[in-house]
Amino acid sequence: MTYLLDTNILLRFIDPTDPSHAIVHQAIDHLRLNGHDLRVSTQNCIEFWNVTTRPVTRNGFGRTPKDADQFLRLLTQLFSVLPDDAGVYPEWYRLVSQFDVSGVQVHDARLVAVMRIHQIAHILTFNAADFVRYSPVGITAVEPRSICTTL
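Residues 6 to 156 in our numbering are what the sequence shown lists, from first letter to last.
Below, the structure is given as structure tokens:
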């Protein structure tokens, strides 16, 4: 099975000071050991760069673009990046229209569009509630804690 990793997973994966760092590593290790394929999208990479380089005073990591580049290179070595596809925009537009998406939730809709185009049904995220609306189109959000409680 293939999982898309949400940006909040990637951010915690690289930040050893985050309280959820260990559980993210445990969940990823468990999924990999059980033969699951873990992917990221270009959208994740863009969001990751945004948060990594945004000032701490604005809920970012306050790191330099050089730091973000090093982190992103590491992440894209560990997790394959799904290619951009011309079908993503029409699918995104269909989703935001069908599910009445507004505000920052448009970014999650784009992740779902990428998942649908690449036939991925599962996303590893700390924000499972944000993806519940997409269950009618076959999307299942999985929280790291739910994976680790089965260990």
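Idealized CB from N, CA, C, for every residue including glycine.
Residue i to residue j, Cα distance in whole Å?
| i | j | result |
| --- | --- | --- |
| N132 | L9 | 13 Å |
| E148 | V111 | 20 Å |
| Y139 | T22 | 32 Å |
| D34 | L83 | 12 Å |
| S102 | P141 | 14 Å |
| K71 | I51 | 15 Å |
| M234 | N39 | Residue 234 cannot be examined here, being either before or after the span of the chain that is shown, 6 to 156. |
| H41 | M120 | 15 Å |
| R63 | Y98 | 29 Å |
| N49 | A27 | 20 Å |
Is the distance from the Cβ of residue i to the Cβ of residue j below 8 Å?
| i | j | result |
| --- | --- | --- |
| L15 | F53 | yes |
| A114 | V93 | no |
| I19 | F76 | yes |
| N55 | T130 | no |
| T47 | A73 | no |
| F136 | A126 | no |
| L80 | V45 | yes |
Since residue i sits in a beta bridge, which residues does DSSP pair it with?
| i | result |
| --- | --- |
| T7 | D42 |
| A32 | Answer by DSSP bridge pairing: none, since A32 is not bridged. |
| I128 | L9, A146 |
What residues in its chain sit with their C-beta under 8 Å from that of residue i, if we drop five residues either side in the sequence?
| i | result |
| --- | --- |
| L36 | Y8, L43, L129, I152 |
| G65 | N55, V56, T57, T58, R59 |
Got a sec? Which residues, its chain only, sit under 7 Å from residue i by beta carbon, not counting five neighbours each side?
| i | result |
| --- | --- |
| R68 | T57, T58 |
| Q124 | none |
Within the same chain, show all residues whose beta-carbon is closer than 6 Å to that of residue i, passing over the 5 residues directly before and after it, in chain order.
| i | result |
| --- | --- |
| D90 | I122 |
| Q31 | C153 |
Q: Can you check the region 86 to 143 for any beta strand (DSSP E) of at least 3 residues that lies completely inside it and give the ranges in chain order?
A: 127 to 129
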